[in-house]
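This report concerns only the one structure given below.
Numbering (my numbering), first residue to last: 1 to 435.
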């Protein structure tokens, strides 16, 4: 991560800033763990909310599809005023009196007289065999499973972003700590030399050299501080919250040995496979749209004209057989099959990529552990060199430039060790999500 910062003001101001931001912070530090930020990110991310909404939508679509299997009832009430359809009483051939509906002709005076017609019925339809609805339910259930798998994959993406940002913050925070300590040591060195120059034990030129070393150390510390602040801001953006000024990363994360296996990374493959299955079910649903539907139908109520009211009911079977839809169902089925084939290929590619990532994480951890042993030894040797050059300088056998070079080498060794420790922790975390 690169950051360009402009630092204005005197060197004494820089010293005050470093003293105020580093030394007191240790007493008021608020350690924030990676697990806490991962949970906060999942709560705050709008993307996660959208995934939850998609899961809820697909669950509701399953309920809607299943409703097609249930009986349906409806109430139908109509009333109109229209000519004709008079009620007449006639006698049948067997001597019974019955009411019949008859309309007058144009030549009759009542031909255009309006009559009030009305009816109120309750209808019912209960499917006995409906392959279309069953296919629609199976397709909806497949899409619901796909949404659930996608939610896990989205969770993994959010957590992975938080982990990368957290490790970057941790690395820059530790590098800044080493740089600030080096700046404090350079300041103390300059103050000791100033006292010895005042006593006449050292020439005044050494004070200028000490001041130069102090300024260099302060410049490195301010640059490290700027990068640490930027890394913290990136982490806040990934989590969706603002950390407190005293927040510090958990340094114990660098000592992590293993992590519980997680299926979040594998859910990316599972999501593609569920989407493939859903596309196949959708193709089946389109083909089943040509299947016949057998249902029981019923209706009961009353009908009447003016003050004559008659009972009304009917009960029967209904068979609906689709004949031709212009080829739409076949075309939609072919499109769904093609989508399923595409998702199948993507799932295979993701599986290969994930296996490769797992192997890379194993190698990264192995190489980091090998390098860490060397880095620890390098830090110890560089620290020993500082003591040797400082002792030599105090005895008058060495010069201040050698001490400054030893301190710079020690700072670089510490920074390199931090990078290796972070790379190792990153590999361990990646393996935990890939196993």
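Here a beta-carbon is modelled for each residue, glycine too, at the ideal position from N, C-alpha and C.
{"Item": "Residue range of the beta strand (DSSP E) that includes residue 102", "Value": "97 to 102"}
{"Item": "Reduced DSSP secondary structure (H/G/I, E/B, other) of residue 70", "Value": "coil"}
{"Item": "Any 3 or more C-beta pairs closer than 8 Å across the segment 116 to 124 and the segment 246 to 261", "Value": "no"}
{"Item": "Residue 123 Cβ short of 6 Å to the ligand FAD heavy atom set", "Value": "Although the ligand FAD was asked about, the structure shown includes no ligands whatsoever."}
{"Item": "Burial state of residue 114 (16 or more Cβ within 10 Å)", "Value": "exposed"}
{"Item": "Secondary structure of residue 121, DSSP reduced to three states", "Value": "strand"}
{"Item": "Nearest candidate by alpha-carbon position, reference residue 421, set 394, 337, 366, 402", "Value": "366"}
{"Item": "Distance CB(residue 277)-CB(residue 380) smaller than 7 Å", "Value": "no"}
{"Item": "Cβ shell of residue 128 (< 7 Å), same chain only, five flanking positions each side left out", "Value": "294, 295, 296"}
{"Item": "4-residue-minimum alpha helix (DSSP H) runs that sit fully inside the segment 320 to 394, ordered along the chain", "Value": "328 to 394"}
{"Item": "Contact set for residue 335: own chain, Cβ-Cβ below 6 Å, skip 5 residues either direction", "Value": "none"}
{"Item": "Residue range of the unbroken beta strand (DSSP E) whose run includes residue 397", "Value": "Careful: residue 397 lies outside any beta strand (DSSP E) and carries neither H nor E."}
{"Item": "Identity of the residue in 325, 224, 412, 358 nearest residue 172 by Cα", "Value": "224"}
{"Item": "C-alpha gap between residue 331 and residue 324, whole angstroms", "Value": "13 Å"}
{"Item": "Limits of the unbroken alpha helix (DSSP H) element including residue 222", "Value": "204 to 239"}
{"Item": "Among 144, 150, 419, nearest to residue 371 - alpha-carbon criterion", "Value": "419"}
{"Item": "Residue of 238, 314, 267, 338 minimising C-alpha distance to residue 284", "Value": "338"}
{"Item": "For residue 200, the three-state DSSP class (helix, strand or coil)", "Value": "coil"}
{"Item": "Beta-carbon proximity check, residue 389 vs residue 408, cutoff 7 Å", "Value": "no"}
{"Item": "Minimum C-alpha distance to residue 189 - residue among 200, 208, 175", "Value": "208"}
{"Item": "Best match in 321, 306, 298 for proximity to residue 313 [C-alpha to C-alpha]", "Value": "298"}
{"Item": "Nearest-angstrom Cβ-Cβ length linking residue 221 and residue 183, presumed shorter than 8 Å", "Value": "4 Å"}
{"Item": "Between the CA atoms of residue 41 and residue 175 - distance to the nearest angstrom", "Value": "26 Å"}
{"Item": "Cβ-based burial, residue 269 [other Cβ within 10 Å; buried from 16]", "Value": "buried"}
{"Item": "C-alpha gap between residue 248 and residue 274, whole angstroms", "Value": "41 Å"}
{"Item": "Nearest neighbour of residue 300, chosen from 399, 75, 32, 138 [CA to CA]", "Value": "75"}
{"Item": "Given residue 68 as reference, the closest of 108, 134, 117 once Cα atoms are compared", "Value": "134"}
{"Item": "Any 3 or more C-beta pairs closer than 8 Å across the segment 30 to 40 and the segment 236 to 253", "Value": "yes"}
{"Item": "Run of the beta strand (DSSP E) containing residue 89, from where it starts to where it stops", "Value": "86 to 91"}
{"Item": "Inter-stretch contact at 8 Å, needing at least 3 Cβ pairs: the segment 390 to 398 / the segment 346 to 362", "Value": "no"}
{"Item": "Those residues which DSSP pairs with residue 75 across a bridge", "Value": "122"}
{"Item": "Cβ shell of residue 235 (< 8 Å), same chain only, five flanking positions each side left out", "Value": "37, 162, 165, 166, 168, 169, 243"}
{"Item": "Other residues of its chain near residue 477: CB distance less than 6 Å, five sequence neighbours each side excluded", "Value": "Look at the range of the chain in this structure, 1 to 435, and you will see that residue 477 is not part of it."}
{"Item": "Cβ-based neighbour list, residue 231, same chain, cut-off 8 Å, excluding 5 preceding and 5 following", "Value": "1, 165, 168, 169, 171, 172, 173"}
{"Item": "Contacting residues, own chain, Cβ-Cβ under 7 Å from residue 105 (five flanking each side not counted)", "Value": "111"}
{"Item": "Beta strand (DSSP E) segment containing residue 248, residue limits", "Value": "247 to 249"}
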